[in-house]
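What follows is a set of notes on a single structure, which appears directly below.
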Amino acid sequence: MNDAEWEAAGELDDVFRNRLIREAYEVVADPEHLFDLQLQVAKAADKGSDAPQILAPHIEQVGEIFDRVHFADDSDFAGLSLGPPSGKHGLDNAIAFTIDSSLRLVDGGQDPSWVPGDTLPDFATGFDADRRQRLRQFVEGRDSRQSMILRIQRTPEDERGVPMVATVREKEGRRLIDLRRLSLSWVDPVATEFAIAMGLSTAESELMRYLVEGRSLTDFAADRDRSIGTARNQLKATMRKLGVASQSELVALYAGFSEAWRLRQMGPTGGLKSGSIRQPAAVLADGSEMPFERCGVRGGTPVLMLHGAIEGPILIPDLEQRAKTEAFDLVIPWMPFYTAREASEDVVTGVDQFARRAGMLLDALGIERCVVLATSFSSAYGLAVRAHLGDRISGVVLTGSPIPMRDGRDTATRNPLWRAPLLLARTSPAFLQLLVRAVVRLSMRGETYRYFDRLLEKSPLDRETLRRPDVQAAVRRAFVSRPDRAARGMTMGLLLILQDWSRWLDAQGAPVRVLVGEEDTIHDFPTQLAHCNAHGFEAIGPIAGAGGFTLFQRPGLVLDHLRQLSPVVGA
Numbered sequence: 001m002n003d004a005e006w007e008a009a010g011e012l013d014d015v016f017r018n019r020l021i022r023e024a025y026e027v028v029a030d031p032e033h034l035f036d037l038q039l040q041v042a043k044a045a046d047k048g049s050d051a052p053q054i055l056a057p058h059i060e061q062v063g064e065i066f067d068r069v070h071f072a073d074d075s076d077f078a079g080l081s082l083g084p085p086s087g088k089h090g091l092d093n094a095i096a097f098t099i100d101s102s103l104r105l106v107d108g109g110q111d112p113s114w115v116p117g118d119t120l121p122d123f124a125t126g127f128d129a130d131r132r133q134r135l136r137q138f139v140e141g142r143d144s145r146q147s148m149i150l151r152i153q154r155t156p157e158d159e160r161g162v163p164m165v166a167t168v169r170e171k172e173g174r175r176l177i178d179l180r181r182l183s184l185s186w187v188d189p190v191a192t193e194f195a196i197a198m199g200l201s202t203a204e205s206e207l208m209r210y211l212v213e214g215r216s217l218t219d220f221a222a223d224r225d226r227s228i229g230t231a232r233n234q235l236k237a238t239m240r241k242l243g244v245a246s247q248s249e250l251v252a253l254y255a256g257f258s259e260a261w262r263l264r265q266m267g268p269t270g271g272l273k274s275g276s277i278r279q280p281a282a283v284l285a286d287g288s289e290m291p292f293e294r295c296g297v298r299g300g301t302p303v304l305m306l307h308g309a310i311e312g313p314i315l316i317p318d319l320e321q322r323a324k325t326e327a328f329d330l331v332i333p334w335m336p337f338y339t340a341r342e343a344s345e346d347v348v349t350g351v352d353q354f355a356r357r358a359g360m361l362l363d364a365l366g367i368e369r370c371v372v373l374a375t376s377f378s379s380a381y382g383l384a385v386r387a388h389l390g391d392r393i394s395g396v397v398l399t400g401s402p403i404p405m406r407d408g409r410d411t412a413t414r415n416p417l418w419r420a421p422l423l424l425a426r427t428s429p430a431f432l433q434l435l436v437r438a439v440v441r442l443s444m445r446g447e448t449y450r451y452f453d454r455l456l457e458k459s460p461l462d463r464e465t466l467r468r469p470d471v472q473a474a475v476r477r478a479f480v481s482r483p484d485r486a487a488r489g490m491t492m493g494l495l496l497i498l499q500d501w502s503r504w505l506d507a508q509g510a511p512v513r514v515l516v517g518e519e520d521t522i523h524d525f526p527t528q529l530a531h532c533n534a535h536g537f538e539a540i541g542p543i544a545g546a547g548g549f550t551l552f553q554r555p556g557l558v559l560d561h562l563r564q565l566s567p568v569v570g571a
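Last residue of the sequence shown: number 571 in this note's numbering, and the count goes up by one each step with no gaps.
Below you can see the structure in the form of C-alpha cells.
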C-alpha cells in the first residue's frame, strides 16, 4: 500500500482489509517487513483508521506462526558470538572442509568424497533454502559475524547432521570459509551453572547432558527405564521452560552459555584478565538473593549503576578501566528483565519492588549513600530508587533516557520507528511482542543492524558505536549467556514506557541530571529540556560527540557528572 492509500484510510472497506491482512502475514516470510507495516498502521491510526483493531487478532496469529517457522534448527544466536572459539572449548581444530565465496569446495578436508571445485551440495544444508541463504550471506561478507554455527549434513541420508562452526580467513586476496566440527562436552562446572541459571531439575539436566553429548532421546529413555513417550514429554517440558523450539536450539543454548562461562573466566576482551570484582549474588535482609557485578575500586566513590537491555551488566573495557583508575566503586545489579523467568504483567509494581530491594543490596554491601547511574530503559528504575531511598541517594544521572508516553499520541516520542509499536501496543500488546520476535530473529541471523540502522537512521554516531568491537563484545557477553534475556529486556522496557511514571517523576529527592547527546534520535534536546523543566530535573546538552549511547561515547563525561553528585563531593 502506498502513503496516499494509507492516508485515505478511515473505516476500511473489505478489499482494503484483505490487503492489510495479507501484508501482516508477509511478516512471517520477511521479519523486516514488520517495521514498515507498523509505521503505516500507526500513521493510519493517527488519521482515525480502525486498522489496529482489525489487525490485532491476526497479529497474534502471525506471532504464533512466526515462532513455528523461525525458531527451529539454526536458532543458535551465532551472530552474537565473539569470534571463532578456541580448540580447547569444544571446537575441533581440524578443518572438515573449506568453501569460497561462491560456495565452491576448495578443500574436501576430512571427507574425500567431497571434490574440490564442486559446489556445496544442497543436501549439505538440509535442502533448506533459508539456511543456505544465510550461509551465502556469511561467506560473501554481508553480515558482521566473524563466525557462524550451522548444521551440516554429510550425505543425502544424513537427517541429523553435525553442528559446525564456519570461520573466515583471507588467502591471496580470496575470502575463504573453513568449517570445523563443534564437539560440545558436558563440563561439570559449566553444567552446574547452566542448571542453576535455567532452573533445571536433576532429570532435566540429565536430559540436556544426553543431547549435548550427541546421544538420542531413545538412549535417555532406555537408560532411565522410561517409555519414549514419557521422554518426549519431558523434552517438550524442558523446551517450554527454556523458551526454545527444537533439540538443536537446546544444544545451541548450552553452547552459548558455555562460551559465556569461558568469557567470564578470561575477561571482557576474551584474552585478558578482567578488572571487575564479581560476586554471584548478595543475600538480602529478606533472605532473597540479588545477583550483581562490581567494578572499580571497592570503597571508592559509590555508584549504583542500572544497566540497559542491550548491554546487560557488562562494561566496555574503557569504562571498566576508568572506574578503576578514577576510584569509582560501581555496583551493577542484574536488572529484573535479566533475571526474572517471566516478565511481570504489572511492570510498575515490579519497578517499585526492585527499588526497595536495591536499598537492601546497599545494606548488604555496607554502602550508606551513593549516586545512581541509569541508562536507557533502566531510567524508570533509577527514578524509583531515588523516590524510595530518599537521603541515601545523593544524585541521579540518566543517559539515553526515554520519556514515557502519557497517551497514544504523545508528541514527546518523535522517532516514528520508536513511536509506532508503542502506539499500536495500546490497541494490542501483540504488536509489541511481534516486534521483539522480529528483532530477535534478525539477531539470530547476525542482522540486528537491519533494525537499529533504521531506528538510528539520523544518528551516524550511534550506528558507528554499535559496530565498535568493544561495544559488540560487551553486548555479546551479556546476551550470549541467555539469549532470551535481551528480548525480555526489550519487551519489558517498551511496556514500561507506556506506563504512568508520575509517582517517580514528581517525587521529592536528590538532583537529577539527564545527559542528552546531540545525535539522540529518540528524544532530541528540546523535547528532553521541556520534560526536565516540567519535573525539576536538569537537562545537560546537547552533548557533542554523543547520541543515544552517551555512556559508550563519552564515559569520562558521565563519570564527571557522577563525581559532582556523589555523596563525597555533594554532601
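By construction, the Cβ of each residue, glycine as well, lies at the ideal position given by its N, Cα and C atoms.
- Beta-bridge partners assigned by DSSP to residue 171: 174.
- With 16 or more neighbouring CB atoms inside 10 Å of its own CB, residue 329 falls in the buried class.
- Scanning the region 457 to 527 for uninterrupted beta strand (DSSP E) segments of 3 residues or longer gives 512 to 517, listed from N- to C-terminal end.
- In this structure, the straight-line span from the alpha carbon of residue 453 to that of residue 190 is close to 36 Å.
- Note that the C-beta distance between residue 186 and residue 213 is below 8 Å.
- It is roughly 39 Å from the alpha-carbon of residue 562 to the alpha-carbon of residue 428.
- Exclusion of the five residues before and after residue 501 leaves 380, 383, 404 as the residues of its chain whose Cβ lies within less than 8 Å of its Cβ.
- Residue 372 sits in a strand when the DSSP states are folded into three classes.
- Secondary structure remark: continuous alpha helix (DSSP H) runs of at least 4 residues inside the region 288 to 376, in chain order: 317 to 325, 347 to 365.
- Residue pairing for residue 538: DSSP places it in a beta bridge opposite 513.
- Our two residues, residue 367 and residue 546, have alpha carbons roughly 31 Å apart in a direct line.
- Residue 531 and residue 33 have their alpha carbons spaced roughly 33 Å apart.
- It is roughly 18 Å from the alpha-carbon of residue 528 to the alpha-carbon of residue 417.
- Distance between residue 134 and residue 125, taken at the CA atoms: about 10 Å.
- When 522, 514, 568, 524 are compared, the shortest CA-CA separation from residue 558 is found for 514.
- The beta carbon of residue 359 is closer than 6 Å to those of 389 in its chain, skipping five residues each way along the sequence.
- Sixteen is the threshold: since fewer than 16 other Cβ atoms of the shown chains lie within 10 Å of the Cβ of residue 29, the residue is exposed.
- It is roughly 56 Å from the alpha-carbon of residue 550 to the alpha-carbon of residue 227.
- When 458, 518, 498, 438 are compared, the shortest CA-CA separation from residue 63 is found for 438.
- Rounded to whole angstroms, the gap between the alpha carbons of residue 316 and residue 296 is 13 Å.
- With 16 or more other Cβ atoms inside 10 Å of its own Cβ, residue 312 counts as buried.
- In the structure shown, residue 103 adopts coil according to DSSP, grouped into three states.
- In this structure, DSSP gives residue 56 a helical state, which the three-state scheme calls helix.
- Short of 7 Å from the beta carbon of residue 117, and not among the five residues preceding or following it, lie these beta carbons of its own chain, in chain order: 104, 105.
- Within the model, the alpha-carbon separation for residue 238 versus residue 338 is close to 20 Å.
- At a Cβ-Cβ threshold of 8 Å, residue 399 and residue 458 do not count as neighbours.
- Counting along the chain, the unbroken alpha helix (DSSP H) around residue 382 starts and ends at 379 to 389.
- Per the DSSP secondary-structure output, residue 543 pairs in a beta bridge with 517.
- Residue pairing from DSSP places residue 396 in a beta bridge opposite 372, 512.
- Excluding residues up to 5 positions away in sequence, 217, 220, 221 lie with their Cβ nearer than 6 Å to the Cβ of residue 231 in the same chain.
- Per DSSP, residue 225 lies in no alpha helix (DSSP H) and is assigned neither H nor E.
- Residue 321 is positioned such that its CB atom lies no closer than 8 Å to that of residue 461.
- Counting of Cβ neighbours within 10 angstroms places residue 543 among the buried residues, the total reaching 16 or more.
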